[in-house]
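Below: one structure, written as structure tokens.
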Amino acid sequence: MAERGSVRFGTTTIPYAIVRSRRRKKTIEITLDPAEGVIVSAPLNVPSDDVARVVRRRAGWIVRKSTEAMLHPRPKQFVSGESLPYLGRQVRIFVDPSDVERASVHFDHWTFRIVVPDQLAGEARRKAALTAVTAWYKRRAEGRLTARARVWSEKLGVAPTRVLTRDQRQRWGSCAPDGTIRFNWRVVMTEPSLIDYVVLHELLHLKVRNHGREFWAETAAFMPDYKVRRARLRAFGPTLVI
């Protein structure tokens, strides 16, 4: 499955997919695909940060050669062959029109099977699939984020009042003065290590309310590589859309 990332070039965000290969030994190659966008072919063991540096170096060329569609992919149409992000992986979609009243999502063996009413077509079918997929993500996010919050609460010695999953488009999470932790359901699209970073970050605000030196020292004590995770989360953010 392809990893996802993005870099900034001036005011332009360049999203890209990383395709790793055991056969590729050293070189990192960038190709521009009219349908898939910016594709970066890389060796299996090259760090994602190294890939990002290569993309930044070639950013000017990418912007000059790319079409609008490559840099700003259109929303998912929810047709077979597309993919959706989940836990840091791109999961293939298969759409199955059937004699049902409403759309539903089935996740099995790292495949999304979306069953849609066969009487729907075009935009109506897309909206029905989007509604079902969003509901599926929210359910998965609530379960995983609640479980990870429980684990990290014990490690940190904190007790949030409530842990909620919400549609926060501008933030990954928040910690309210009353101890309520709110997470953006889209966090579940990214890899588990980044989910843990978001959970740790918000729960730590129950101990340290600001982002001062003490807060980051506490973060480093529990997650020494937090800076790497934070950078990866920033890169993933613009690509986590459906």
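Residue 499, in this note's numbering, is where the sequence shown stops; the numbers in between run on with no holes.
No residue lacks a Cβ here, since even glycine has one placed at the ideal position from N, Cα and C.
It should be emphasised that the depicted structure is a prediction, and the values quoted were computed from it without experimental measurement.
Under the three-state reduction of DSSP output, residue 280 falls in the coil class, being neither helix nor strand. Bridge partners of residue 343 according to DSSP: 346. A distance of 8 Å or more separates the beta carbons of residue 479 and residue 455.
Under DSSP, the beta-bridge partners assigned to residue 286 are 298.
Proximity of the stretch 292-310 to the stretch 266-273 meets the contact definition, three or more beta-carbon pairs being nearer than 8 Å. Annotation: the continuous alpha helix (DSSP H) that includes residue 410 extends over 379-413. In its chain, beyond the 5 residues on either side, 298, 299, 300, 301 have a beta carbon closer than 8 Å to the beta carbon of residue 278.
Here residue 285 is actually not in contact with residue 264; their C-beta atoms are around 13 Å apart, not less than 8 Å. Residue 481 has no beta-bridge partner at all, per DSSP. Counting the other Cβ atoms within 10 Å of the Cβ of residue 364 gives fewer than 16, which makes it exposed. Per DSSP, the continuous beta strand (DSSP E) segment holding residue 372 begins and ends at 368-374. By a beta-carbon distance limit of 8 Å, residue 351 contacts residue 368. Their separation comes to about 6 Å. Between the stretch 460-473 and the stretch 387-402, the count of C-beta pairs closer than 8 Å stays below three; the two stretches do not touch. Contact between residue 413 and residue 464 holds, since their C-beta atoms are separated by about 7 Å, short of 8 Å.
Here DSSP, grouped into helix, strand and coil, assigns residue 305 to helix. When the five nearest sequence neighbours on each side are left out, the beta carbons in the same chain lying within less than 7 Å of the beta carbon of residue 357 are those of 372, 374, in order along the chain. Taking residue 399 as the centre and dropping the five residues before and after it, the same chain places the C-beta of 422, 442 closer than 8 Å to its C-beta, in chain order. By the neighbour-count criterion, in which 16 or more other beta carbons inside 10 Å mark a residue as buried, residue 409 falls on the buried side. For residue 405 and residue 321, the gap between their C-alpha atoms comes out near 43 Å. Where residue 362 is concerned, the enclosing beta strand (DSSP E) starts and stops at 361-364. The beta-bridge partner set that DSSP reports for residue 271 consists of 264.
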